[in-house]
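Heads up, the thing below is written out as structure tokens.
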Amino acid sequence: PTREQYLEYLNKVSSRLGLVVKQHSKVVGLTSNDKDHLVHYTKKRGKIGEACAPNIVVASGGYYAPQLLGIPGEDQPNVYHYFRSELPFHNERVLVVGGRNSAIEAVNTLVEKKAEVIHSYRGARLPRKKIKPWLLPKFDKARKRGLIRTFYRTVPRSIHNKQVKLKSDGKKNMTIDVDRVFLLTGYGPDYATLKSASVPFHKRNQRPLFNPRTLETKKSGIFLCGTIVLKWQGEKASIDNTRGHGKIILNNLR
Ligand SMILES: Cc1cc2nc3c(=O)[nH]c(=O)nc-3n(C[C@H](O)[C@H](O)[C@H](O)COP(=O)(O)OP(=O)(O)OC[C@H]3O[C@@H](n4cnc5c(N)ncnc54)[C@H](O)[C@@H]3O)c2cc1C
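Encoded structure:
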């Protein structure tokens, strides 16, 4: 499904089940007393709200923190770490950096929106087995038709206003002119909430400790659900892989 179809599906599920969703609100802490856990979340005008429950399910996903390249200019306003399909792209020159689903999906959308697309990837060829199969035919077709300028074996070194310096492996380094840059080079989960709740973490790999049979962390009553679990197990992140999590958690609530 496309991003829009997926969002529509989620909205339908949420209204069919009558879920109470607190939008535009971020969980900023999780504390506990003897009986309950207390969730602290942001409200309008900088106020902090609280909600308490004996069981908390943390389903904060694996796409919270973009993996930054650590290069000058990646915080410029025309540089993005998540794709933004609502921007005006027609006739704009857009650089997409990355070689996985996020990058390929972005390239396809940009071609559709008639942008001038430049694609940079650090490998010599795309990791095709790791890309959703239905994205590739569109990408390959556009590439064959000359609608994507590809610079493989390149990595961005710096971005200054509308100029990006690409370091090339094997060839001469180059500077390209662009209007916007999408650095779609991977994401990681945010563990701040779990850390604020003093959930124990693995010493070496710094991941939360949990029981894979119950999905409960080492802190009683705090569960992990969805992609945040898959990251730990090194499995491919997909909706199918996490379908059973809800039932497992329901069967193990305090
Ligand atoms: C480009 C792309 C394409 C994909 N396509 C597919 C596909 O076709 N099929 C498929 O099966 N999977 C696909 N996936 C993977 C799929 O999106 C994930 O497996 C799925 O969304 C994981 O669901 P989740 O609920 O665990 O986490 P998410 O969907 O990431 O949801 C986590 C939510 O928690 C919120 N959150 C995080 N921290 C806080 C906080 N502190 N306070 C409040 N809210 C917070 C986030 O804003 C987010 O809304 C794709 C992923 C990407 C990036």
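When you read off a place in the sequence shown, starting at 1, and then add 83, the result is the number in our numbering.
Note that CB positions come from ideal geometry on N, CA and C, so glycine has one too.
Practice item. Output the distance between the C-alpha atoms of His328 and Leu102, rounded to the nearest integer angstrom. Key: In this structure, the CA atom of His328 is about 18 Å from the CA atom of Leu102.
Review point. So Leu209 packs on Gly182, CB below 8 Å; how close in whole Å?
Key: Indeed they touch by this definition, with Cβ atoms about 5 Å apart.
Practice item. Please determine, among Arg296, Ala189, Asn324 and Lys330, the residue with the shortest C-alpha to C-alpha distance to Arg263. Key: Of the candidates Arg296, Ala189, Asn324 and Lys330, Ala189 places its Cα closest to the Cα of Arg263.
Practice item. Determine the direct distance from the alpha carbon of Lys255 to that of Val111, and round the result to whole angstroms. Key: In a straight line, the C-alpha of Val111 is about 46 Å away from that of Lys255.
Exercise for review: Confirm the yes/no value for this check: CB of Glu133, any heavy atom of ligand 1, distance under 7 Å.
Suggested key: Exclusion of Glu133 from the 7 Å shell around ligand 1 follows from its C-beta lying no nearer than that to any non-hydrogen atom of the ligand.
Check your understanding: Which residue's Cα is closest to the Cα of Ile139: Pro155, Gly145, Ser115 and Ile154?
Key -> The shortest C-alpha separation from Ile139 is found at Ser115.
Practice item. Can you give me the Cβ contacts of Leu267 inside the same chain, cut-off strictly under 7 Å, excluding the 5 residues immediately before and after it? Key: Phe166, Val179, Val180, Gly181, Ser185, Ala186 and Ala189.
Check your understanding: In chain order, which alpha helix (DSSP H) runs of at least 4 residues are fully inside the region 161-189?
Key -> As far as the region 161-189 is concerned, it has no whole alpha helix (DSSP H) run of at least 4 residues.
Point to revise | Reduced DSSP category for Asp252 - H, G, I as helix; E, B as strand; rest coil | key: In the structure shown, Asp252 sits in coil (DSSP, three-state: anything other than H, G, I, E or B).
Point to revise | Sequence-distant residues of the same chain with beta carbon closer than 7 Å to Ala207, five excluded per side | key: Cβ within range, chain order: Tyr235 and Arg236.
Practice item. Could you tell me how far apart the beta carbons of Arg337 and Ser303 are, in whole angstroms, since I believe they sit closer than 8 Å? Key: About 7 Å; that satisfies the 8 Å criterion.
Point to revise | Beta-carbon proximity check, Pro272 vs Ser143, cutoff 8 Å | key: It is a contact, given that the beta carbons lie within the stated cut-off.
**Study point:** Beta-carbon gap between Ile201 and Ile154 smaller than 8 Å
**Key:** For the pair Ile201 and Ile154, the CB atoms are not nearer than the 8 Å cut-off.
Review point. Nearest CA to the CA of Thr310: which residue from Lys301, Thr297 and Asn324?
Key: Selected option, being the one with the closest Cα: Asn324.
Practice item. Have a look at the DSSP bridge pairing and note the partners of Arg232. Key: Its beta-bridge partners are Ile201.
Exercise for review: Hey, could you find the ends of the alpha helix (DSSP H) Ser143 is sitting in?
Suggested key: Here Ser143 belongs to no alpha helix (DSSP H), and DSSP marks it neither H nor E.
Check your understanding: For Thr192, which option in Asn335, Phe265, Leu298 and Lys278 has the closest C-alpha, if you only look at C-alpha atoms?
Key -> Looking from the CA of Thr192, the closest CA among Asn335, Phe265, Leu298 and Lys278 belongs to Phe265.
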